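Notes follow once the structure below has been shown.
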Amino acid sequence: MKWARLKSPWVLHFNSGACNACDIEVVALLTPRYDVERFGILLEPSPRHADILLTTGVVTRQCADRLKRIYEQMPEPKFVIAIGACACSGGVFEGNYNVIGGVDKVIPVDVYIPGCPPKPEAIIDGVVKLLKSIEGGEQSGKR
Amino acid sequence: MASADKILKALSDSLGKRIIQTRTLQPGKSYIQVQTGAHKDAVRIVLQEDNEAGVSAITGVDLGETIELMYHIRTCDTIITIGAEVPKKDAKIESITDIFPGANFHEREVSDLFGVTFEGHPNPKRLILPEDWPENVFPLRKEVSVANIPSKIGNFGVSKDEKHVSSEERLVNIVLGPQHPALIEPEKFSLRVDGEIVREVEPRIGYVHRGIEKAAESRTYLQDIYLVERICGICNACHAACFCQTVEAIMGVSVPPRARYLRTIILELNRIHSHMLLLGHAGLEIGYETLFHYMWRDRELIMDIMEALTGNRVIASFITIGGVRRDLKEEDVPKIKAELTKLKERLSFYKNLFESDSTLKIRTRNVGVLSKQDALKLGVVGPVARGSGVNMDVRRDEPYAAYNEIPFNVITYDEGDSWARLMVRLDEVGESVNIIQYALDHLPTGPYRVRVPRTVPTGEAIGRVEAPRGELFYYVKSNGTAYPERVKVRTPTFANILSFVHIAEGGNVADVPASFVSLDPCFSCTDR
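These protein sequence lines are chains A and B, in that order. The first sequence maps to residues 0 to 142 in numbering that gives the first Met the number 0. The second sequence maps to residues 0 to 527 in numbering that gives the first Met the number 0.
Here you go:
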């Protein structure tokens with residue numbers, strides 16, 4: 000089981016209020032230059048098939064419920080990677096009227112990748128670190 | 000087509016005493032304040048005088064006792080602003096959607112953020128704020144402080160909007176989003192479907208609404224540059240350029256020639272990467288994944304240039320008030336030119352592909368047709384308008400940066416279908432490469448920025464930039480301090496989103512993603 004999980008971590012991408020900068024870097028990951036499919040990483044359209052949730056952007060009031068619901072729909076064990084300064088802590092939008100804050104205000108986060116936006120290399124590094132920690136016995140998100 | 004002077008004369012002839020005052024915001028941009036109630040006649044007269052005019056944006060400004068509404072109307076070469084005031088306690092004004100349908104979302108946005116009721120609006124529902132937003136709290140009014148808005152943490156649950164709406168017989172509701180594989184960003188579209196045919200589309204935006212216009216009021220002008228860049232990561236340089244231009248217009252600062260050329264280069268790099276991103280994404284949506292991977296591979300050439308020029312791949316943080324933040328290194332110029340030559344070779348391959356490939360033909364030709372009349376009526380901008388034969392481009396109509404010195408063509412196609420909109424973008428990438436090559440060859444020497452004071456004198460100004468998705472509009476009002484009084488942003492995608500309803504209705508369900516993506520939606524822009 001663990002072997003299978005390590006060799007084919009399927010990811011779901013959800014933007015809960017990002018400016019698209021991190022999003023296009025996430026998409027750049029899938030395209031020929033960075034090509035994370037080398038690690039067996041496949042972008043999945045449905046939360047029910049995903050092992051890892053890649054979240055980008057600050058959490059807006061309107062998106063908070065949806066983000067939580069998507070997380071709940073994912074099967075256990077599940078992992079969350081927060082990509083970008085906004086997803087980590089709120090970034091420049093911290094304190095705005097329609098903004099709740101970083102992703103960890105709503106769901107548990109395993110890996111934080113800061114940057115505005117982080118370079119694709121940094122995102123790959125974060126994913127690989129997560130895979131290593133799963134290999135070392137990490138069960139699921141910190142609660 | 001009519002000149003601004005002729006329109007102003009027609010306005011003063013017909014409205015007479017109903018005009019309260021006329022003043023100039025900045026050279027060439029007039030502001031006509033009319034009595035409440037006369038605004039609709041004023042808008043009608045401008046639209047009649049210039050048959051390609053359209054309402055670009057509606058700005059609300061809290062003046063204390065009253066709320067000022069400004070109708071910014073785009074004519075062939077400038078912006079004419081019609082202003083009217085409504086009392087805050089009884090904020091009501093007649094809707095103009097019946098004379099200009101494209102004003103629909105602009106009015107709903109002002110209604111959400113300022114609490115102005117537009118009488119006669121066909122669908123006055125909440126557009127941009129969350130469903131559980133407290134009643135009678137209008138965030139852009141000055142008395143509303145961000146700290147006093149009740150927090151929502153810990154109060155999760157299914158909101159009423161996502162429960163299934165009872166549908167009429169035969170019609171089936173299909174909800175697209177907020178999390179949907181065809182949309183990279185969260186936004187919701189309810190489609191009412193009769194068999195395979197879409198009968199009705201109800202967009203619900205606001206999932207990415209971060210309240211940037213309010214946040215800009217509590218940050219300094221310098222901090223605001225970084226804030227507005229993050230309205231949209233894709234066209235970030237356009238936001239920075241537009242904001243800086245507007246502030247420079249209030250300050251009366253003129254930017255050194257080298258900075259104007261460097262701005263042009265970064266703006267065009269932005270356009271190329273945005274268009275290529277979209278063309279690749281369009282390939283993905285029509286089930287042509289090879290095209291997606293090819294496009295994104297070639298797009299990396301531009302990302303490398305961006306990184307060499309600005310130090311970052313995506314968010315440039317390159318443009319600042321008074322110029323640009325870094326100079327272009329002389330040794331980078333040959334490298335940039337070599338990469339552009341490589342890209343140009345690839346473009347002829349793509350051009351051939353888009354014109355001859357059968358998959359692209361089946362999925363995009365005669366799909367999602369928007370006629371020229373509808374494009375004008377809905378006030379669409381940018382490649383969407385140019386794909387329907389509307390010949391407009393802010394770079395030519397009202398040149399900024401160094402566009403008045405650089406030759407380029409405005410690309411238009413008359414077909415109005417998804418294919419035409421994609422072709423406009425593909426050809427524009429070629430034009431942008433030419434512009435950058437010309438700018439590199441003719442780069443003036445001298446300083447790349449001038450130092451400006453932190454405080455901005457009292458005043459107001461309008462700025463326009465041709466972003467990759469069309470006309471980007473900024474209105475900035477200054478109160479003489481280091482903090483702006485009001486920053487209004489009307490993004491091109493906000494003007495274009497209404498056209499999706501128009502082109503999807505009556506079409507096939509399977510064509511929805513393809514025709515949608517041809518509009519180049521960007522919800523972080525749309526919602527701000």
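The beta-carbon is built from N, C-alpha and C at its ideal position, and this holds for glycine as well. These numbers were taken from a predicted model, which means no experiment stands behind them.
Problem set entry | Rounded C-alpha distance that separates L268 of chain B from R364 of chain B | 28 Å
Problem set entry | chain B within 8 Å of G16 of chain A, Cβ atoms only | yes
For this session: Express the C-alpha separation of S2 of chain B and R312 of chain B in angstroms, rounding to a whole number.
Result: Taking the Cα positions, R312 of chain B is about 42 Å away from S2 of chain B.
Exercise. Sorted by chain position, which residues of the same chain lie with C-beta nearer than 8 Å to T116 of chain B's C-beta, five sequence neighbours on each side aside?
Worked result: A90, K91, I92, S110, P123
Exercise. If we ignore side chains and look at the alpha-carbon of each, how far apart do Q34 of chain B and I81 of chain B end up?
Worked result: The alpha-carbon atoms of Q34 of chain B and I81 of chain B are separated by roughly 10 Å.
Problem set entry | Identified DSSP bridge partners for R17 of chain B | In the DSSP output, where bridge partners are listed per residue, R17 of chain B has none listed.
For this session: Determine, using beta carbons only, whether A214 of chain B comes closer than 8 Å to chain A.
Result: Between A214 of chain B and chain A, the shortest Cβ-Cβ separation is below 8 Å.
Problem set entry | Buried versus exposed, by CB contacts within 10 Å (16 or more), N235 of chain B | It is buried - the Cβ of N235 of chain B has at least 16 other Cβ atoms within 10 Å.
Problem set entry | Proximity of V42 of chain B and I98 of chain B at Cβ, strictly below 8 Å | yes
Problem set entry | Residue-chain proximity (G39 of chain A, chain B), Cβ-Cβ < 8 Å | Chain B has no Cβ within less than 8 Å of the Cβ of G39 of chain A.
Problem set entry | Continuous beta strand (DSSP E) stretch holding F348 of chain B: start and end | No beta strand (DSSP E) holds F348 of chain B; the alpha helix (DSSP H) holding it covers 331 to 355.
Problem set entry | 8 Å Cβ cutoff met for G114 of chain B and V54 of chain B | For G114 of chain B and V54 of chain B, no; Cβs fall outside 8 Å.
Problem set entry | Terminal residues of the beta strand (DSSP E) in which D61 of chain B lies | DSSP places D61 of chain B inside the beta strand (DSSP E), whose first and last residues are 53 to 61.
Exercise. DSSP state of V508 of chain B, grouped into three classes?
Worked result: helix
Exercise. Just to confirm, are I318 of chain B and A438 of chain B a CB contact at a threshold of 8 Å?
Worked result: no
For this session: Please name the residue in B:G59, B:G194, B:K187, B:Q178 whose C-alpha comes closest to that of V171 of chain B.
Result: Of B:G59, B:G194, B:K187, B:Q178, the residue nearest in Cα terms is B:G194.
Exercise. Which residues does DSSP pair with L139 of chain B in a beta bridge?
Worked result: In the DSSP output, where bridge partners are listed per residue, L139 of chain B has none listed.
Problem set entry | Buried or exposed by the 16-neighbour rule on C-beta atoms within 10 Å, applied to P8 of chain A | Counting every other CB atom within 10 Å of its CB across the protein chains shown gives P8 of chain A a total of 16 or more, marking it as buried.
For this session: Could you tell me how far apart the beta carbons of T219 of chain B and Y402 of chain B are, in whole angstroms, since I believe they sit closer than 8 Å?
Result: Taking C-beta atoms under 8 Å as the contact rule, T219 of chain B and Y402 of chain B fail to qualify, at a distance of about 29 Å.
Exercise. Mind checking if P116 of chain A is an interface residue toward chain B, Cβ cutoff 8 Å exclusive?
Worked result: yes
For this session: Inspect the beta-carbon positions of M391 of chain B and A384 of chain B and report whether they are closer than 8 Å.
Result: Against a cut-off of 8 Å, the Cβ pair of A384 of chain B and M391 of chain B comes out as a contact.
Problem set entry | Expected contact under 8 Å - CB spacing of D532 of chain B and D76 of chain B to nearest Å | As shown, chain B starts at 0 and ends at 527. That puts residue 532 of chain B outside it, with no answer to give.
Exercise. Of all Cβ atoms in chain B, is any one closer than 8 Å to the Cβ of F92 of chain A?
Worked result: yes
For this session: Compare the C-beta of V313 of chain B against all C-beta atoms of chain E and say whether one is closer than 8 Å.
Result: Annotation note: the requested chain E is absent from the structure, which comprises protein chains A and B.
Problem set entry | Counted within 10 angstroms of its Cβ, other Cβ atoms place E84 of chain B as buried (16 or more) or exposed | buried
Problem set entry | Selected residue, minimal CA-CA separation from G381 of chain B, among B:I405, B:A419, B:E344 | B:A419
Exercise. Taking contact to mean at least 3 C-beta pairs separated by less than 8 Å, is the segment 92 to 107 of chain A in contact with the segment 45 to 65 of chain A?
Worked result: yes
For this session: Please confirm if A86 of chain A has its CB atom under 8 Å from at least one CB of chain B.
Result: no
Exercise. If we call anything under 8 Å between Cβ atoms a contact, is R298 of chain B one with G321 of chain B?
Worked result: no
For this session: Using a Cβ-Cβ cut-off of 8 Å, state whether A3 of chain B counts as contacting chain A.
Result: For A3 of chain B, no Cβ of chain A is located within less than 8 Å of the residue's own Cβ.
Problem set entry | Beta-carbon proximity of V423 of chain B to I405 of chain B, cut-off 8 Å | no
Problem set entry | Own chain partners of G506 of chain B with C-beta closer than 8 Å, once the 5 adjacent residues on each side are dropped | I196, V197, V366, G367, S514
For this session: Identify which residue in A:I82, A:P44, A:E134 has its Cα closest to the Cα of G125 of chain A.
Result: A:I82
Exercise. Mind pulling the chain A residues with CB within less than 7 Å of I233 of chain B?
Worked result: In chain order, N19, I23 make up the part of chain A whose C-beta sits under 7 Å from the C-beta of I233 of chain B.
Exercise. Which residue from B:I271, B:E288, B:P452 puts its Cα closest to that of M305 of chain B?
Worked result: B:I271
For this session: Please classify R453 of chain B: does DSSP put it in a helix, a strand, or coil?
Result: DSSP places R453 of chain B outside both helix and strand once states are collapsed to three, so it counts as coil.
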